[in-house]
Each structure stands twice: as structure tokens, then as C-alpha cells.
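Each residue of the sequence shown is one higher than the one before, starting from 9 at the first, in this note's numbering. Single-structure report; data block below.
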Amino acid sequence: MTKRTQLAPAKRAIIVGMDGASMELVKNMIDWGHAPSMAKLLRTGVYRPMIGVFPTLTPPGWTALSTGSWPGTHQVMDFNIRAVGERLDKTVWGINTGLCQSEYLWNLVERAGGKPILVKWEMSWPPTVKTGIQVEGTGPGVSNHHQVAGYHLFVGGKWAPRPIGGQRDPETLDPSALQKVRNIDPVTITPIENQEWNALPDSTKPAQEVELTIQPLARGREDVMPSVHVKDDGSDSSSQKVGRVPKPFYGLIYASADNGYDRIRICRSRSGDDAVADLGVGEWSDWWLDNFEIDGNAVEGYVRMKLVTLTPTADAFELFVPQIWPREGYTVPDTVAATIDKEIGSFLQNPARDALGQMDDDTYFEVLDYHHQRLADVATHLAQHNDWDVLMVESHAPDYASHFFLSQADEISGASPETIHRCREGLRRTYESVDRMIGQLMELADEETVILVCSDHGGTPNQFRAVDIEKVLEETGFIVRDANGKIDWTQTRAVNVGLVHIFINLAGREPDGIVPSEAYEETQRELIAALHTYKDEKTGRHPFTLAVTRADAEMFNLHGDLVGDVVYALRPEFDGAHGKQLPSVSFGIGGQHSTFLLSGAGVREGVALERQVRVVDVAPTLCYLLGLPMPDRVEGGVVYEALADPNWHLTALATSE
């Protein structure tokens with residue numbers, strides 16, 4: 009077994025990940041006074057806008073950061089990765105450690121005889137830890153294997169959503185907000201008929217009822233959830249899914265005083281004595297453990313509810329139920345979940361990002377604060393009661409804010425002053441919440457601990473409507489559709505796959521290929537010319553900042569069969585929050601530079617680094633500080649400019665001699 013060097017500057021590392029947090033926006037949050045914990049790290053350590061991967065996307069970004077190797081090497085290229093040998097509209101879901109061809113930092117720590125602890129670390133599922141501890145670790149929001157059910161937003165009467173306006177990033181870029189499922193749960197408030205209920209509460213108006221039905225596995229990705237059988241009737245309702253038994257609760261709406269309806273009593277049956285909660289407007293219930301049935305199995309999950317809206321006449325109603333998380337099955341070893349359940353309480357993986365724009369902002373941030381507090385509490389408890397060398401904790405909240413609030417938080421978006429203010433407040437509250445979590449984790453550090461705050465990519469505000477590459481390929485004649493609107497593979501010469509890749513429908517390589525091999529390079533040139541000359545009708549601008557061949561894409565550290573025959577990038581004003589922009593972009597109050605904040609043992613103090621830092625440099629720099637060997641297939645280097653003694657190994661050798 010490889011051993012670590014005991015004379016290394018740091019003995020432990022705390023790594024905090026913030027998905028989608030650009031160094032540009034983080035620095036703004038620090039300067040505006042919204043992130044005092046990160047401000048302290050900046051004063052006592054080093055920072056630098058970091059060059060990330062391309063595409064600027066979660067799966068390749070976190071995998072590069074966690075392995076020290078580029079996407080072309082680790083092979084986790086996208087959320088939707090080309091399925092080699094299949095038709096070009098078939099893809100592989102990228103949140104899967106089984107796809108990664110490089111060694112993860114936590115496995116390297118184990119190989120060196122150390123102990124890693126991972127708490128919701130992005131892109132670490134299925135688990136590869138062997139001697140360490142892992143809590144969850146899938147991906148953004150709904151992309152998890154464990155939830156009993158996603159959020160429920162029960163609404164009735166004159167209720168209305170709270171959209172922010174503007175364009176919406178597609179699911180291929182923002183899978184945390186499923187766009188093909190119903191995002192509310194409509195209910196009807198009805199008078200109580202005689203003998204239906206017993207033990208009614210005292211009420212100055214006739215009590216009314218509303219049925220609140222929880223749908224197991226609602227609002228989750230079908231490809232990562234337990235196996236279920238779906239009726240072939242085109243229905244999208246979770247209630248139609250065989251094996252997911254709906255669980256009803258019954259709400260008694262009543263008036264506790266003379267000012268009209270003001271409370272709801274939540275009951276398991278139509279008995280006021282069978283209550284799990286009694287809520288006034290704005291009040292949360294406690295968590296309670298309940299039973300659900302999925303695929304014939306009994307599953308325990310934690311439930312909580314908030315009465316958001318109830319008018320005195322009961323003509324507007326809104327009740328929110330956050331994600332229902334199981335009691336077990338989401339940790340390695342399995343016994344860790346029991347420890348969390350006993351010592352801390354209900355875990356929560358998704359703070360209802362997919363309900364933003366439907367639910368009110370205050371409720372979202374109440375759930376987000378709970379989520380971050382839970383992450384910090386779990387990490388703290390595990391670190392205090394176990395041996396560990398590396399502690400890794402991640403929040404996806406900055407990326408949620410990028411896709412929703414950042415989009416119109418800058419004047420360049422053209423949004424109204426009221427919308428800009430709401431969006432700025434959303435960013436502030438997001439980063440304040442993350443920063444509180446970071447502050448608690450910093451308390452675990454001693455003088456021999458190095459602390460890193462980092463991100464996989466950034467985020468930018470919107471200016472113009474994002475370019476739809478599929479429509480561009482249709483307009484330029486590369487994609488041809490039949491009378492039913494489906495791709496006609498007998499005439500289609502090239503299609504987009506994933507975010508930035510265009511594959512030629514090549515004969516002999518693709519099942520339905522039509523482009524002969526001798527026309528391959530000519531087709532590449534045609535595609536590149538079409539993108540470079542493409543002009544946006546509304547603005548008169550050219551949205552594509554570059555388009556290159558597969559061979560030339562190696563300059564983006566992309567190579568191999570999973571890379572498109574043509575790879576392209578968009579200017580930031582024609583993209584969403586991130587994805588198709590280059591990792592070196594700064595735009596408005598944001599940018600695509602990843603965050604790099606390093607402080608503690610072996611690190612210089614109060615220095616803004618001048619030389620380049622890349623996302624693949626994170627793992628080797630931490631390994632160097634900790635006296636660990638380098639991960640297999642590492643491609644990054646040590647950020648020597650960040651170190652108090654870049655030659656510590658020589659100093660240690662001279663001292664020992």
C-alpha cells in the first residue's frame with residue numbers, strides 16, 4: 009500500500025464544492041458583504057478565477073476536478089453522452105462513476121491508507137469508496153437514486169405561480185428542473201358532508217376538507233429511479249405508474265377565530281384525532297416518519313408540510329411538501345444512514361430547486377437553509393466521530409440560482425427593475441446560505457488543515473435568446489424532418505448530440521449513416537462554415553464564437569470517439585447560464601471561470617494569484633500539500649504559486665538529513 013509523506017505541510021483537507029459558482033460572482037458576493045466566511049478565506053489564503061472544462065457543464069467539470077484529468081481522458085463528457093454504435097439520437101446518462109476512466113481523489117486517499125468522507129459530493133455515485141464514508145453524491149436536484157418523492161405543491165382556488173419571466177434553460181443543460189412533468193398538484197376544497205369526519209376541531213365557520221395525495225417517486229428522473237412499469241397510454245401522471253401506491257392525507261380547513269379560515273389540520277384519516285400537523289399560514293410542521301409503498305416494498309420517508317397560503321374565505325390555498333427522503337439506503341457504509349437518522353435527523357438532497365417560479369421565494373430559501381444546515385451538521389458529526397484525511401462537501405445551490413435568479417439579475421438582461429431586484433435578492437440569499445455552511449465547516453479546521461472552496465463551472469446572466477443548435481442545423485439543411493416532424497435519417501447529414509457536439513451521419517459508422525467516408529472532411533468544412541456565417545435574425549450578430557473539427561477540439565482537451573466531428577462554442581450573450589460558453593468568459597456580474605479559494609496549512613496568505621489555475625490542477629495541488637501520490641492518469645499540475653514553500657519536499661529532506 010502506498011503511504012503518504014508525514015512531513016507534508018497539511019495533514020487534512022476540507023474541500024467545499026459550489027456547483028455553478030463563478031469566481032466573478034463569488035468575488036462580487038464577497039465585496040458586497042454577503043459571504044463573510046469566504047471573505048476570511050480570501051484574506052488568509054489565495055484565490056484565482058480558474059479555467060474549467062469545455063463544455064462548461066457539471067459532469068465533466070466535477071469529474072475533472074476530482075481526478076485531475078481532462079474530459080477526453082476521464083470520458084465523462086456531458087449529461088447526455090453519445091452511445092457509440094447506436095443511432096445518433098441515443099445517448100448515455102453521464103451521472104455515473106462507472107463511466108470514469110481516471111482515479112478519483114477519494115480513491116487515491118484510500119490507496120495511500122487515508123480515510124475520505126464525502127457528503128453529497130457531486131458526481132460520486134454509484135459509490136467507489138471502499139474504506140471511507142459517503143453520503144449521497146449523485147447530481148443536481150432530481151437526478152438521484154434515493155428520494156421517496158419529489159416536492160408536492162398543493163394549490164387551489166385563485167392561486168397563481170411566481171414566474172420570473174425570460175427564457176428557460178433546456179433540460180439538457182438544467183436537469184434539476186424537469187420540464188415535461190406537471191409542476192403543481194391542483195386540489196379542490198369541498199364542504200364536509202355529514203358523518204364523513206369525526207373529532208372536528210372547534211371552528212367559527214363550517215370546516216372544509218382537501219385531499220392531499222403524495223405520489224411516490226413523483227418529480228424524479230425515470231432513468232435513475234427504481235424499476236417501475238408505466239402504462240402505455242401516454243399519461244404523464246405519477247398516479248398511473250404501477251408499483252407507486254399513492255398515499256392520501258386529509259386536510260381539515262377551519263377557522264380558529266372570527267376572522268375567517270386560518271388553519272389546516274393534516275390527518276392520516278378523516279378523523280381530527282388522527283392528526284400529524286396543525287398549521288397556521290406561514291407555519292411548518294415538524295418532520296414525521298411515514299410509510300410508502302414502491303414496487304411492492306415498504307419504504308420509510310420523512311415528511312414535512314408548510315401552509316403557505318389560505319385566505320379567510322378559503323378561495324386561495326397553497327400547501328408545500330418538500331422532497332421526501334428515505335431513512336436508509338443512501339450511504340456507504342449503510343450504517344451511516346442510521347447514525348444520521350439517530351443523531352441528526354432527516355437528510356435532504358434537493359431543496360426544491362425544481363419548484364422555483366411556482367413556490368414563493370421565502371419558502372424556497374427556508375428549505376435551502378435547512379438543506380445547507382443539514383449538510384454542515386452531517387459533515388461535522390461524521391468528522392468529529394471518525395478518522396478522516398479529506399472531507400468533501402458540495403452544494404448545488406449556486407447553480408440553481410444561476411439558472412433562475414442570475415438570468416435576469418443584471419441590467420443587460422433588459423428585465424424590469426423589480427425583476428432585477430428580486431433576482432439580486434435571490435443571489436444574495438443563496439450565497440449567504442452557502443457561506444453559513446462553509447463557516448461551520450471551517451470550524452473543523454486546525455492549523456494543519458488546508459481548506460479549498462471550488463466550483464466546476466460558472467454562470468452568466470442572459471441577454472439574448474439562447475441559440476437552438478437543432479434549429480440552426482435544420483435551417484442550414486443538415487437535419488431533415490419527415491411529415492410527422494421526426495428526423496428523416498435517409499436525408500439527415502449531421503445532428504447535435506449533447507451540448508457542444510455535432511456528429512456527421514457517417515456511412516459505415518452510424519447505423520443509418522448516409523454521408524460517404526470520402527465526403528467526411530468536406531461535410532466538416534460545410535458545418536463549420538455554416539456556423540461561422542450564421543446570423544441571428546433579431547440582433548444581426550454572429551452567435552457562434554468558434555467551430556472546429558474533432559482533431560482541433562484537442563485544444564479543449566476533448567479527444568476520442570465521444571467527441572463530435574464538429575465542436576462549437578457560443579458567445580455568452582447567446583447561451584443560457586452556462587454550457588456552450590468557453591470557460592474563460594466573463595459577462596455582466598458573472599462569468600464561466602470556476603472558483604478557486606485556497607487557505608490554511610502550507611498556503612500563502614492574502615494573495616491574488618497571477619498565473620493560470622486550471623480545474624485539473626486542484627487534485628494534484630491537494631495531493632502535493634497532503635504528501636500524497638498523484639492520482640492515476642492525472643494531467644494537471646501543482647499550483648506552486650499558491651504555496652508558502654513550493655519546495656517543501658526538499659526542505660523536509662534537508663531537515664531530516
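Don't be surprised by glycine CBs; every beta carbon is placed ideally from N, CA and C.
Do you know how far the Cα of residue j is from the Cα of residue i?
i: Thr75; j: Arg278; result: 55 Å
i: Asn470; j: Glu482; result: 24 Å
i: Glu201; j: Lys213; result: 14 Å
i: Phe194; j: Val218; result: With the sequence shown as reference, residue 194 is identified as Pro, and Phe is not the correct amino acid for it. Near 10 Å, if we compare the C-alpha coordinates of Val218 and Pro194.
i: Arg252; j: Tyr258; result: 19 Å
i: Leu636; j: Gly645; result: 14 Å
i: Gln357; j: Glu534; result: 45 Å
i: Ser110; j: Pro654; result: 26 Å
i: Asp286; j: Pro320; result: 17 Å
i: Gly493; j: Trp295; result: 48 Å
i: Ile487; j: Glu478; result: 8 Å
i: Asp705; j: Pro169; result: The requested residue 705 does not occur in the structure, where the chain is confined to residues 9 to 665.
i: Arg501; j: Arg489; result: 12 Å
i: Gly521; j: Val505; result: 15 Å
i: Arg335; j: Ile103; result: 23 Å
i: Asp397; j: Thr71; result: 20 Å
i: Cys108; j: Leu570; result: 13 Å
i: His509; j: Tyr576; result: 7 Å
i: Ala387; j: Pro68; result: 25 Å
i: Glu301; j: Gly353; result: 22 Å
i: Leu186; j: Arg612; result: 44 Å
i: Gln620; j: Pro551; result: 27 Å
i: Gly228; j: Ser151; result: 7 Å
i: Arg271; j: Met37; result: 39 Å
i: Gly28; j: Ala322; result: 41 Å
i: Glu618; j: Ser415; result: 29 Å
i: Leu364; j: Tyr372; result: 7 Å
Grab the span of the beta strand (DSSP E) containing residue i for me, first residue to last.
i: Gly288; result: Ala283 to Gly288
i: Arg20; result: Arg20 to Met26
i: Ala502; result: Ala502 to Val505
i: Val100; result: Thr99 to Trp101
i: Thr557; result: Phe552 to Thr557
Which of the three DSSP states is assigned to residue i in this structure?
i: Leu362; result: The residue you asked about is not Leu; residue 362 is Asp in the sequence shown. Three-state result, Asp362: helix.
i: His379; result: helix
i: Trp296; result: strand
i: Ser592; result: coil
i: Ser110; result: coil
i: Asp653; result: coil
i: Glu581; result: helix
i: Val624; result: helix
i: Trp129; result: coil
i: Val238; result: Its pLDDT being 36, under 50, Val238 is placed unreliably in this model, and the value from its coordinates should be taken loosely. In the structure shown, Val238 sits in a strand (DSSP, three-state: E or B).
i: His509; result: strand
i: Leu634; result: helix
i: Ala662; result: helix
i: Ala16; result: coil
i: Phe257; result: strand
i: Ala215; result: coil
i: Leu96; result: coil
Report buried or exposed for residue i, applying the criterion of at least 16 other Cβ atoms within 10 angstroms of its Cβ.
i: Met563; result: exposed
i: Leu15; result: exposed
i: Leu8; result: There is simply no residue 8 to check, as the chain begins at 9 and stops at 665 in what is shown.
i: Tyr648; result: exposed
i: Asp2; result: Residue 2 is absent from the model: the chain starts at 9 and stops at 665.
i: Asn513; result: buried
i: Asn267; result: exposed
i: Lys98; result: exposed
i: Pro3; result: Absent from the structure is residue 3, since the part of the chain shown begins at 9 and ends at 665.
i: Gln331; result: buried
i: Gln223; result: buried
i: Pro199; result: exposed
Residue i lies in the alpha helix (DSSP H); which residues open and close that run?
i: Leu113; result: Leu113 to Arg119
i: Tyr310; result: From DSSP, Tyr310 is part of no alpha helix (DSSP H) but of the beta strand (DSSP E) over Asn305 to Val311.
i: Glu530; result: Tyr528 to Thr541
Would you list, in sequence order, the uninterrupted beta strand (DSSP E) runs of no fewer than 3 residues that lie entirely inside the stretch 314-376?
Within the stretch 314-376, the runs of beta strand (DSSP E) at least 3 residues long that lie entirely inside it are, in chain order, 314-318 and 324-329.
Completely contained beta strand (DSSP E) runs for the stretch 420-490, where each covers 3 or more residues
Counting only runs of 3 or more, we get 457-462.
Please give the ranges of any alpha helix (DSSP H) in the stretch 152-177, keeping only runs that are unbroken, at least 4 residues long and fully inside the region.
none
Which runs of the beta strand (DSSP E), 3 residues or longer, sit entirely within the stretch 595-620?
As summarised for the stretch 595-620, the continuous beta strand (DSSP E) elements at least 3 residues long and confined to that stretch are 604-608, given in chain order.
Segments of 3+ residues assigned as beta strand (DSSP E) that fall wholly inside the stretch 22-87:
53-55
3-residue-minimum beta strand (DSSP E) runs that sit fully inside the stretch 382-406, ordered along the chain
With a minimum length of 3 residues, the continuous beta strand (DSSP E) runs that stay inside the stretch 382-406 are 398-403.
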